[in-house]
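Peer 1:
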Amino acid sequence: MPLNIFSHKEDPSDLNPEARAGAISQLIVVGLVVIAVLILAIRWKSTQHVQSIVIEGVKALRHEEILAIASLTMADTTQSASSKRLAVIRDRIIKHPYVKSVIVESNGIKGIKITICEKQPYIAFPSSMGSIDYVDSTGTVLPYEKFSHSSDVPIIHGIYDGSRINRTMLSSIKAIIETAKLKDMGLQELLSEIDINKQTNEYTFITTDGETQIKFGSPENIERKLEKLRLYMLHSATKQGHPTYVDIRWKNQIVIGKQPLLASKDS
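9 is the number of the first residue of the sequence shown in my numbering; add one for each residue after it.
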């Protein structure tokens, strides 16, 4: 007599089409309820009015200025913090000439958080009004009264013609500064003030103490010239005292003040 080692107890509902259809209907109803709850939750959140606004990262710009640009008030209850609304606020703020980047996001259920990265001074220049203004690395002019909190930057004479920044000169200045940073941070101390001769396009560095001028010449062969200057500062500067000028324009030599030529390998 064969043995059946597997047993199966049939569920009556398996054989009842009406019971099976009822179970499916229940699942559909539950699914629709869950979807409806999610939709209502999203709509509820999107209709919650803004009650708090947090602004971070600003030093030059005032909070009131950012709120005005974004068309917000600290008691803004007219619109919600929906993703569309946040995108509109971001688009408005990023257009400000002193703003480099901005993040606008929800802050809780009824709040907005605005995080701003301001443009930073890269160089300074004497303005037409006799004061000092700044320029960022892209050429945007940054007024002194708003950015005077920034750290010291090189003062460049001759880069501003009274109405605009000469971007070709700015590009050359950036190349000199960044190359100096890579070679020796000590070289940056020699770049505190730079005079550009507009007629000859020659650059002259004026040391912090004002006693020595470094004649750099045209903004060509930047790495070679800075390497010569680095070697001079490393081996000969202390022996020479405070010469009137150090001329590094020549390929195979350095001229110190009005003294005879000081030979130097061009590396």
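In this text, a Cβ means the ideal position worked out from N, Cα and C, and glycines have one as well. Since the structure is predicted, the reported quantities are computational estimates derived from the model, not experimental observations.
#1: Since residue 123 and residue 64 should fall inside the 8 Å C-beta cutoff, what is the C-beta to C-beta distance between them, to a whole number of angstroms?
#2: So if DSSP puts residue 114 in a beta bridge, which residue, or which two residues, is it bridged to?
#3: Tell me which residue opens and which closes the beta strand (DSSP E) that residue 204 is part of.
#4: Do residue 67 and residue 126 have their beta-carbon atoms positioned less than 8 Å apart in this structure?
#5: Please name the residue, chosen from 115, 192, 165, 133, that lies closest to residue 235 on a Cα-to-Cα basis.
#6: I need the straight-line Cα distance from residue 53 to residue 109, nearest angstrom please.
#7: Mapping the DSSP letters down to three states, classify residue 39 as helix, strand or coil.
#8: To the nearest angstrom, how far is it from the Cα of residue 259 to the Cα of residue 105?
#9: Enumerated in chain order, which unbroken segments of the alpha helix (DSSP H) with a length of 4 residues or greater are wholly contained in the region 149-190?
#10: Looking at residue 129 and residue 161, is the spacing between their C-beta atoms short of 8 Å?
#11: With DSSP run on the structure shown, which of helix, strand or coil describes residue 71?
#12: Taking 8 Å as the limit between beta carbons, can you name the residues of its chain near residue 114, skipping five residues before and five after?
#13: Name the residue from 33, 98, 163, 207 whose alpha carbon lies nearest to the alpha carbon of residue 4.
#14: Just the C-alpha distance for residue 171 and residue 136, rounded to the nearest angstrom, thanks.
#15: CB residue 222 to CB residue 256, shorter than 8 Å?
#16: At the level of alpha carbons, what is the spacing between residue 149 and residue 143?
#17: May I have the straight-line CA-CA distance separating residue 92 from residue 76, to the nearest angstrom?
#18: Could you tell me the alpha carbon to alpha carbon distance between residue 211 and residue 232, rounded to whole angstroms?
Peer 2: Based on what the coordinates show:
#1: Counting from one through the sequence shown, the residue named residue 123 turns up at place 115. Counting from one through the sequence shown, the residue named residue 64 turns up at place 56. Rounded to whole angstroms, the Cβ separation of residue 123 and residue 64 is 5 Å, and the two are in contact under 8 Å.
#2: Residue numbering aside, residue 114 sits at position 106 when the sequence shown is read from its first letter. Per DSSP, 120.
#3: Mapped onto the sequence shown, residue 204 falls at position 196. It spans 201-205 - the beta strand (DSSP E) in which residue 204 sits, taken as one unbroken run.
#4: If you number the sequence shown from 1, residue 126 lands on position 118. If you number the sequence shown from 1, residue 67 lands on position 59. In contact: residue 126 and residue 67 (Cβ atoms closer than 8 Å).
#5: If you number the sequence shown from 1, residue 235 lands on position 227. Closest by alpha carbon: 192.
#6: As a working mapping, residue 53 is identified with position 45 in the sequence shown. As a working mapping, residue 109 is identified with position 101 in the sequence shown. Its pLDDT being 49, under 50, residue 53 is placed unreliably in this model, and the coordinates cannot settle the point.
#7: Position 31 of the sequence shown, counted from the first residue, corresponds to residue 39. Three-state DSSP puts residue 39 in a helix.
#8: Position 251 of the sequence shown holds residue 259. Position 97 of the sequence shown holds residue 105. Straight-line measurement puts the Cα of residue 105 at about 42 Å from the Cα of residue 259.
#9: Taking 4 residues as the minimum length, the alpha helix (DSSP H) runs contained wholly in the region 149-190 are 152-155, in order along the chain.
#10: One-based indexing of the sequence shown puts residue 161 at position 153. One-based indexing of the sequence shown puts residue 129 at position 121. With contacts defined by Cβ atoms closer than 8 Å, residue 161 and residue 129 form a contacting pair.
#11: Position 63 of the sequence shown, counting from 1, holds the residue named residue 71. Of the three classes helix, strand and coil, the one that applies to residue 71 here is helix, per DSSP.
#12: Within the sequence shown, the letter at position 106 stands for residue 114. Closer than 8 Å at Cβ, skipping near neighbours: 89, 94, 120, 121.
#13: Nothing about residue 4 can be read from this structure; the chain reaches only from 9 to 275.
#14: Residue 171 sits at position 163 when you count from the first residue of the sequence shown. Residue 136 sits at position 128 when you count from the first residue of the sequence shown. Those two C-alpha atoms are separated by around 8 Å.
#15: The residue given as residue 222 occupies position 214 in the sequence shown. The residue given as residue 256 occupies position 248 in the sequence shown. Contact flag set, yes.
#16: In the sequence shown, residue 149 corresponds to position 141, counting from 1. In the sequence shown, residue 143 corresponds to position 135, counting from 1. Roughly 5 Å separates the two Cα atoms.
#17: Taking the first residue of the sequence shown as 1, we reach residue 92 at position 84. Taking the first residue of the sequence shown as 1, we reach residue 76 at position 68. Cα to Cα, the separation comes out at about 19 Å.
#18: Along the sequence shown, read from residue 1 onward, the residue named residue 211 stands at position 203. Along the sequence shown, read from residue 1 onward, the residue named residue 232 stands at position 224. One alpha carbon belongs to residue 211, the other to residue 232, and they sit about 15 Å apart.
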